[in-house]
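Participant: Residue numbers (full-length UniProt numbering): 1 to 677.
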């Protein structure tokens with residue numbers, strides 16, 4: 001499920017950063033925190049996959065002009081039907097029935113009604129006098145009194161806290177609410193201002209509004225502010241003066257945030273995971289990478305890759321330094337990690353200071369790092385599994401002059417993103433042989449489709465494969481081919497042929513459980529075209545062995561063993577990677593052969609029956625977004641990679657249409673539009 005944070009006109013960088021970091025710190029990894037703009041909220045089908053919408057601090061007036069009426073109509077209807085809304089500072093003003101801001105102050109006064117009307121009352125401010133847009137110097141650490149009873153806290157020893165306030169409101173309540181469906185008050189006060197310096201002392205600082213079946217929590221104070229982020233990035237000395245007061249209340253603030261998220265019915269992670277999230281965001285410590293291969297000859301060997309890299313970079317002794325688009329890449333031999341600090345600086349560029357350095361230890365002569373150097377991924381075992389899988393499937397591992405899919409291997413325990421490292425570093429990408437795979441045990445900036453991120457947990461297999469492909473007509477089907485390879489590989493062990501792993505078109509991997517369908521993986525394929533060939537980066541993430549956020553392949557295997565009284569071994573990430581890449585290599589060679597076989601109309605045609613057996617969509621009914629919401633039944637995939645569907649009713653009943661997504665980031669099967677022929 002998604003947690004959406006509005007980042008459109010009116011928002012400010014500081015509140016956005018604090019909000020996103022706070023949500024990712026405290027929420028379970030089953031949630032994807034996604035920034036969204038006004039057109040997204042107005043036009044895309046976000047409602048069914050969203051657990052919480054957050055409108056952060058900023059300026060309320062642009063919120064009104066850019067979100068009304070289309071987005072606000074959708075937001076209000078969604079909350080009324082059970083959605084959850086969190087409004088902070090300007091986002092709280094925006095959700096009130098009426099706003100009265102800096103009344104009587106020339107150039108600042110804002111008054112008037114607001115469309116959401118979640119709070120049957122007025123948002124009045126600023127609580128702190130002398131407010132200036134874009135200035136932190138008037139912000140204060142203000143004392144609030146928390147309603148420990150309403151929050152469900154066992155004791156009130158932490159019921160007072162100092163929180164950051166800058167421009168936020170207090171709430172003047174008008175009861176009863178037209179949304180109230182019970183005898184209980186529709187609006188509950190969760191905190192009041194208690195600071196003696198405030199004229200608004202004893203006024204509500206935080207409220208929870210019952211909105212039909214939904215809930216809206218509005219807060220004047222910036223409860224989302226992360227002190228580490230505030231201290232690092234604020235240039236205002238006033239903020240530094242506030243930090244000691246805010247730090248004293250940090251435990252209460254964190255407890256409050258977690259309590260509010262629980263009131264929304266959201267699942268939390270444990271606090272140690274939260275500390276790790278802050279560390280990964282503010283101070284990501286990336287691991288040294290290891291480059292290994294099973295061959296010392298050919299275009300897929302480590303030796304050849306180093307030779308090509310050396311032609312594009314600065315070299316010193318046995319070291320290479322490449323100043324690339326995103327990273328400064330240092331390549332060194334084993335035993336030379338300490339020499340990284342002595343490497344010559346790269347040729348100066350305007351943005352070199354902003355680039356994160358990456359260190360790669362290149363293991364030549366078919367040598368591998370010791371298992372103690374890569375405790376979460378045994379490279380020796382991986383190559384053993386790769387050889388074993390090639391033997392089972394009859395794959396030679398020698399394609400296009402390279403060493404086959406899965407070698408060379410570039411592995412790092414902690415990386416930003418395997419996809420970004422290979423794709424965005426342009427000079428580095430140009431040197432990569434087809435079949436090289438980059439693997440991480442943990443990603444701090446994994447990428448998914450659209451705005452989505454790939455949530456990286458221990459036990460997840462995350463990799464990106466470099467692939468060169470020449471046929472332009474068939475390139476669109478490679479995302480389908482890797483999906484088919486993943487499912488077939490996971491089902492390949494004897495006895496697991498019926499493992500309930502499936503494909504959701506076009507690039508998600510799901511499993512069937514007693515609780516319904518759950519996502520356990522995803523695929524991202526990006527490409528560029530140059531010199532007569534496509535350079536593709538095939539990214540994939542699969543939950544092999546972690547029960548979070550939903551379930552894992554090994555949990556499915558365990559359940560399968562219990563139900564059938566068998567004992568099929570669980571899967572390791574090393575074995576899973578070897579199975580997937582070998583299966584993909586086998587399918588890819590068949591795919592390339594089919595592209596030149598006149599007995600097939602398109603390269604993916606011989607794979608269709610196998611693809612339909614593992615996807616979720618045969619006979620599925622969908623709505624056509626550009627055809628008066630007519631219903632159609634999916635019957636397959638056509639020669640251009642689009643969905644084939646037959647219209648169910650109306651003047652075009654029985655006619656086949658070709659469908660493509662409307663470009664939304666939430667559900668590829670929502671809002672499908674008819675492709676013009």
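Backbone N, C-alpha and C fix where the C-beta goes; we use that ideal spot for every residue, glycine too. This one's a predicted model, so the numbers in the text were calculated from it and none came from an experiment.
1) Run through the stretch 460-510 for me and flag every whole alpha helix (DSSP H) of 4 or more residues, listed as ranges in chain order.
2) If I follow the unbroken beta strand (DSSP E) through residue 592, where does it start and stop?
3) Could you tell me the boundaries of the beta strand (DSSP E) in which residue 523 lies?
4) Since residue 678 is in the beta strand (DSSP E), which residue starts that stretch and which ends it?
5) Pull up the DSSP beta-bridge partners for residue 290, would you.
6) Quick one: what does DSSP say residue 187 is sitting in, helix, strand or coil?
7) So, for residue 582: in the same chain, excluding its five sequence neighbours on each side, which residues have a beta-carbon less than 6 angstroms away from its beta-carbon?
8) Can we say the stretch 417-424 touches the stretch 588-598, given the rule of at least three CB pairs closer than 8 angstroms?
9) Along the chain, where does the alpha helix (DSSP H) containing residue 547 start, and where does it finish?
10) At which residues does the alpha helix (DSSP H) containing residue 223 begin and terminate?
11) Would you call the stretch 53-65 in contact with the stretch 16-26, where contact means no fewer than 3 C-beta pairs closer than 8 angstroms?
12) Thinking residue 678 and residue 535 are a contact (beta carbons under 8 angstroms), I'd like their distance in whole angstroms, please.
13) Residue 689 by DSSP, collapsed to three states: which one?
14) Considering Cα atoms alone, identify which of 163, 192 and 314 is closest to residue 244.
15) Is it a yes or a no for the stretch 510-523 touching the stretch 550-562, going by three-plus beta-carbon pairs under 8 angstroms?
16) Taking the C-alpha atoms as reference points, what is the distance between residue 25 and residue 260?
17) I'd like to check one pair, residue 192 with residue 207: are the Cβ atoms closer than 7 angstroms?
18) Report yes or no: do three or more beta-carbon pairs, one from the stretch 611-618 and one from the stretch 493-513, lie closer than 8 angstroms?
19) Taking 8 angstroms as the threshold, find out whether the stretch 525-540 comes into contact with the stretch 475-484 through three or more Cβ pairs.
20) Comparing alpha-carbon positions, which option in 496, 266, 360 and 46 lies nearest residue 438?
21) So, with DSSP's three-state summary, where would you put residue 428?
22) Should residue 132 be labelled buried (16 or more other beta-carbon atoms within 10 Å of its own) or exposed?
23) Whose C-alpha, out of 119, 214 and 270, is nearest the C-alpha of residue 205?
24) Tell me which residues share the same chain as residue 27 and place their Cβ nearer than 8 angstroms to its Cβ, disregarding the 5 neighbours each side in the sequence.
25) Below 8 angstroms on the Cβ atoms is my contact criterion, and I expect residue 584 with residue 466 to pass it. Report the Cβ-Cβ distance as a whole number of Å.
26) Candidates 464, 442, 110 and 609: which alpha carbon is nearest residue 526's?
27) Just grab the DSSP bridge partners of residue 633 for me.
28) Taking only three categories from DSSP, how would you classify residue 5?
29) Since residue 114 and residue 94 are thought to touch, with beta carbons under 8 angstroms apart, how far apart are those beta carbons, to the nearest angstrom?
Facilitator: On the basis of the supplied data:
1) 478-490
2) No beta strand (DSSP E) contains residue 592, which is instead part of the alpha helix (DSSP H) from 573-595.
3) 516-530
4) Because the chain spans 1 through 677 in this model, residue 678 falls outside it and cannot be assessed.
5) 361 and 411
6) strand
7) 389, 390, 393 and 395
8) no
9) Segment: none, residue 547 is in no alpha helix (DSSP H) and carries neither H nor E.
10) From DSSP, residue 223 is part of no alpha helix (DSSP H); its letter is neither H nor E.
11) yes
12) Missing from the structure shown is residue 678; the chain here goes from 1 to 677 and no further.
13) There is simply no residue 689 to check, as the chain begins at 1 and stops at 677 in what is shown.
14) 163
15) yes
16) 14 angstroms
17) no
18) yes
19) yes
20) 360
21) helix
22) exposed
23) 119
24) 3, 33, 261, 266, 267, 268 and 269
25) The Cβ separation is near 13 angstroms, so there is no contact.
26) 464
27) 621 and 646
28) strand
29) 6 angstroms
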